[in-house]
Amino acid sequence: MMLLEIAVAAPIDQTLTYRLPVKISANPDGDGTISLIGRRVLVPLGGRKVTGYVLAEDVVASGEFKIRDIAEVLDVKPVFPCSLIALFRWISNYYHYPIGEVIRAALPAGMSPRSVRCLELVDSAREDERFLSLPDEKWRITLQEKGSLSAAATKELLASKVWKKTIQQFIKLGVLRLCESVTSDGVKEKMEVCYRLQHWLPQPSVDLPDESEIFQHYRRQLDAELGLELKLSEAKTLYYMKGLEEKSVDGTSPRKELLELYAGAAKGICDLKEKRLVTEQKKRVFRSPLGERLEFFPAPTELTDEQNVALAEIVPAIEQGGYTPFLLHGVTGSGKTEVYLQATAAALRQGKSVLVIVPEIALATQLEAHFVSRFGEQVVLLHSGLSASERFDQWSLAMSGEAKIVIGARSAIFAPLNDLGLIVVDEEHDAGLKQDDSLRYNGRDLAVVRAKQQGIVVLLASATPSVVSYHNALCGKYRLLTMDNRVGNRSLPKVTLIDLRKQQSSGKRSLFRPQLRKALEENFIAGRQSVILINRRGFSSNVLCQECGTPVQCRDCHVTLTLHRSTQQLLCHYCGYSVHEKTVCESCGSMQLVPVGFGTERVETELQEMLPLARVARLDTDTAKDRKAFLQTLKLMRGGEIDILVGTQMVAKGHHFPGVTLVGVVWADGGLAIPDYRAAEKTFQLITQVTGRAGRGDSPGEVYIQTMRPEHYAISLARTHSYRHLVEKELELRKNPAFPPFVRLVAIHIQGESEQDVERSASRIAAACRAAVKEKKSFVEILGPAPSPIDRVKKNYRWQVMIKAASIEILDALCSYVRQNQQELVSGRCKVMLDKDPENM
Ligand code: ADP
Ligand code: ZN
Ligand code: ZN
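Its first residue numbered 1, the sequence shown is counted upward by one per residue in UniProt numbering.
This is how it looks when you write it as structure tokens:
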């Protein structure tokens, strides 16, 4: 009898041992897969049954625990490759997180047990596997062999009983899918049924003699059966679905009904296939999330010298195999994408697969077009902007080896690619690579770990690498590659600093000083595009009571509310709490509330007043909520249909807008006041990145930066594009007091609804840590306890303890200590969270 090592999806650090009883076959469908490793099982745990992930077989029992039987094998095939298991173990260990929950976080949500077309299994799904998404297969039917059926025969077929009976169900099968919407913390919110007609409709390229006839046909059928009018619009779709629900008043569930249909239709297709009347095709269609074809990018005729030099190091490393980490420091517009593409081609030539990680979904979409242009069908996208079903599909394609290239946001680091040959991390400095809730990992760091474990090449790249990564390169931990010049001899933009301390001469106070104003006007008149950065969304930064001076605060957080004029709201940027803009002062009841400070909305309004004819658009998390609208804005910008784009750091990141010749920063110093040892680094990165949006096309770029601190090194060095000086300065400053890279950090966050409990727990944790390190000889420092910079969010008080240590072992020992003694250390119902290598202080 076989014993299995299983990680259960529950808060348990260790893996558990279970037995595979004889009555359960490891190979129920006889598909030749023997190993259980990488598959999910259902196991008893306490009084429940939970999902478990098989990590090893034939293990030897240890200890005197009673070994229980697994209840069921859920998958016919592994859902993750063996090669990821070492990574899961590493993460669990390093981030002090239960291994089963690491795996659960890594797998795409809504994965159905077993693969396609296993109805009874979907139905028997239980416990945490309920509400599954059916894989969203796009079926296409083609009459057998083009032209082999005459028009008359076709007509006859369409009129035949089997066709009539089947097509209708097939339609439902093809266009209906169950999907779940999952909230960010993985809680299943609700199940919704989507109806996607457009994927199903016979397209002109499909070999159907008369598509309109078929459409009319099934439409009539559905109309007749459901008594509903069917149109191609979403509204009608919902109407149709509602119809199904209404039918369920008598107690039959629409879900069950769908599953029956599914089964019936699947059988019908088989019949038709057997009769060789139809063939079934599954074909991937490449579309952008806007539903359009992706833009095509031809390969350049020749590489730049610097690209050649970089690739002369990367390509042999890929060919030889073995762990080789590179840091590519390439200025904005130096052609880093082409380096990724060429390196990818080298890996593919070796039969290897490639993983590309980006900090932001919009950048994944931009890169996707380049990769699909070069490599076509082998590319898949993995990120949270996809629906659960889409993600499942992409995951399956990567798992099966059909897709050799995965592009995705940080979670794509778990992409189930076998035979990896290369991992690329674009914009490796970006905070977007860090996950900041639940499992707090950094996708860039995991890329290096995965590469090391699998003995492959990892390429970290940025125009402004993080100080820590650059330090690693200087120490020889990474191989440094440099591209100092833009492609095509384009120059880096000329940067002018505008000192905000100098009094404005006269007239109405404007957010734009005359120099920037004039440049904007001239650029607009010349028909060129501009980008304006202001790193705060909303209209104002604060709303103050004019009578008593009290700022309007969130009900549930210690945060002032921001005015959003477009929605007439005062909004909390931490929890989303909002009140109407016309509210009363909490402390004196006055209604005289005035906005102070400024954000993207106010900048947008002022620009529009200044240049009424200009097409001004805004890009921030408010406008990016609607992903389609967001991508549409980027597209309009690339197409030259926007004159001025205003936005937060979102506009700064990696976008390629060839028409932009002017960049303005409204207020560069905001980030310098933040209590974070990387404030200067981040400010430099932001300015350099936004500066890099200018002059990428045929005309050179210019940049104006408004600042109250022109002499601050982060700003003066950004003016001269002096990245290496910035690093030198930072490394100097971080020696004393010590900060990374010279020490390691862990933040312990304590939160709960009772302020007293939180404070008490934080104090106890800090005291316990201090006591534990008393005897330690190497450097370790315990800071706090202190309230977090934002000390109340969503009704929860937040405190933190920060630990700095020269050795990672000490940090780990303290983390384990706190977790093991959590019961005694924590009073009341407080939550303790560990954040290793914290990104946001
Ligand atoms: P980066 O990511 O380094 O900021 P990109 O990869 O976006 O820069 O490249 C900038 C522009 O230069 C793009 O339009 C790209 O197509 C073009 N480019 C890159 N390499 C070459 C080359 N060897 N020859 C001509 N154009 C190139
Ligand atoms: Zn007041
Ligand atoms: Zn709030």
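Positions of the beta carbon are idealized from the N, C-alpha and C atoms, including for glycine. All values derive from a computational prediction rather than experimental measurement.
{"Query": "Heavy atom of ligand 1 within 6 Å of residue 843 beta-carbon", "Result": "Past the boundaries of the shown model lies residue 843; the chain is included only from 1 to 841, so the question cannot be answered."}
{"Query": "Ligand 3 heavy atom lying under 6 Å from the CB of Tyr677", "Result": "no"}
{"Query": "Simplified DSSP state of Trp90, which is helix, strand or coil", "Result": "helix"}
{"Query": "Span of the alpha helix (DSSP H), counted from its first residue to its last, around Met610", "Result": "Thr600 to Met610"}
{"Query": "Exercise answer, beta-carbon shell around ligand 3 heavy atoms below 5 Å", "Result": "Cys554, Asp556, Cys557, Cys572, Tyr574, Cys575 and Tyr577"}
{"Query": "Nearest residue (CA-CA) to Ile456, options Leu726, Tyr323, Gly351 and Gly654", "Result": "Tyr323"}
{"Query": "Segment contact flag, the stretch 521-539 with the stretch 659-677, C-beta cutoff 8 Å, min 3 pairs", "Result": "yes"}
{"Query": "Proximity of Ile314 and Ala347 at Cβ, strictly below 7 Å", "Result": "no"}
{"Query": "Sheet register partners of Ile748 (DSSP bridge)", "Result": "Val801 and Leu834"}
{"Query": "Beta-carbon contacts of Glu581 that lie in its chain and below 7 Å, excluding the five residues immediately before and after", "Result": "Leu563, Gln568, Gln569 and Leu570"}
{"Query": "Residue from Ile525, Arg479, Thr600 and Gln435 with nearest C-alpha to Ala312", "Result": "Arg479"}
{"Query": "Helix, strand or coil at Ser763 [DSSP, three-state]", "Result": "helix"}
{"Query": "For Ser716, the nearest candidate out of Glu57, Ala519, Ala772 and Ile498 (CA to CA)", "Result": "Ile498"}
{"Query": "Cys585: CB within 6 Å of a non-hydrogen atom of ligand 2", "Result": "yes"}
{"Query": "Under the three-state DSSP convention, the category Glu775 falls into", "Result": "coil"}
{"Query": "Ligand 1 heavy atom lying under 6 Å from the CB of residue 842", "Result": "For the chain, the structure presents residues 1 to 841; residue 842 sits outside this window and is missing."}
{"Query": "Minimum C-alpha distance to Val79 - residue among Val309, Ala398 and Val358", "Result": "Ala398"}
{"Query": "Helix, strand or coil at Thr648 [DSSP, three-state]", "Result": "coil"}
{"Query": "Continuous beta strand (DSSP E) stretch holding Pro465: start and end", "Result": "Segment: none, Pro465 is in no beta strand (DSSP E) and carries neither H nor E."}
{"Query": "Closest residue to Glu604 among Gln592, Leu645 and Asp436 (Cα-Cα distance)", "Result": "Leu645"}
{"Query": "Segment limits, alpha helix (DSSP H) that includes Thr15", "Result": "No alpha helix (DSSP H) holds Thr15; DSSP gives it neither H nor E."}
{"Query": "DSSP three-state assignment for Asp308, whether helix, strand or coil", "Result": "Looking at the sequence itself, residue 308 is Asn, so the reference to Asp does not match. Here Asn308 sits in helix by DSSP."}
{"Query": "Nearest candidate by alpha-carbon position, reference His370, set Thr304, Glu360, Val339 and Ile803", "Result": "Val339"}
{"Query": "Host alpha helix (DSSP H) of Arg719 (start-end)", "Result": "Tyr713 to Arg719"}
{"Query": "Asn796 versus Pro787 - alpha carbon distance", "Result": "12 Å"}
{"Query": "Local Cβ density within 10 Å of Ser530, reported as buried at 16 or more and exposed below that", "Result": "buried"}
{"Query": "Which of helix, strand or coil DSSP assigns to Gly38", "Result": "coil"}
{"Query": "Cβ contact check for the stretch 698-712 and the stretch 751-762: 3 or more pairs under 8 Å", "Result": "no"}
{"Query": "Close-in-space but distant-in-sequence residues of the same chain around Ala403 (CB under 7 Å, 5 per side omitted)", "Result": "Gln378, Val379, Val380 and Leu397"}
{"Query": "Sufficient close CB pairs (3 or more, under 8 Å) joining the stretch 606-614 to the stretch 648-662", "Result": "no"}
{"Query": "Per-residue burial, Gln307 [other beta carbons within 10 Å of its own, 16 or more giving buried]", "Result": "buried"}
{"Query": "Leu459 CB to nearest heavy atom of ligand 1 below 6 Å", "Result": "no"}
{"Query": "Exposed unless 16 or more other CB atoms sit within 10 angstroms - verdict on Arg140", "Result": "Residue placement at Arg140 is poorly supported in this model, since its pLDDT is 36, which falls under 50; the coordinates still yield a value, given next. Label assigned to Arg140: buried."}
{"Query": "Boundaries of the beta strand (DSSP E) in which His564 is found, first to last residue", "Result": "Thr562 to His564"}
{"Query": "Distance between Arg410 and Cys588 (C-alpha atoms, nearest Å)", "Result": "47 Å"}
{"Query": "Close-in-space but distant-in-sequence residues of the same chain around Asn472 (CB under 6 Å, 5 per side omitted)", "Result": "Tyr478"}
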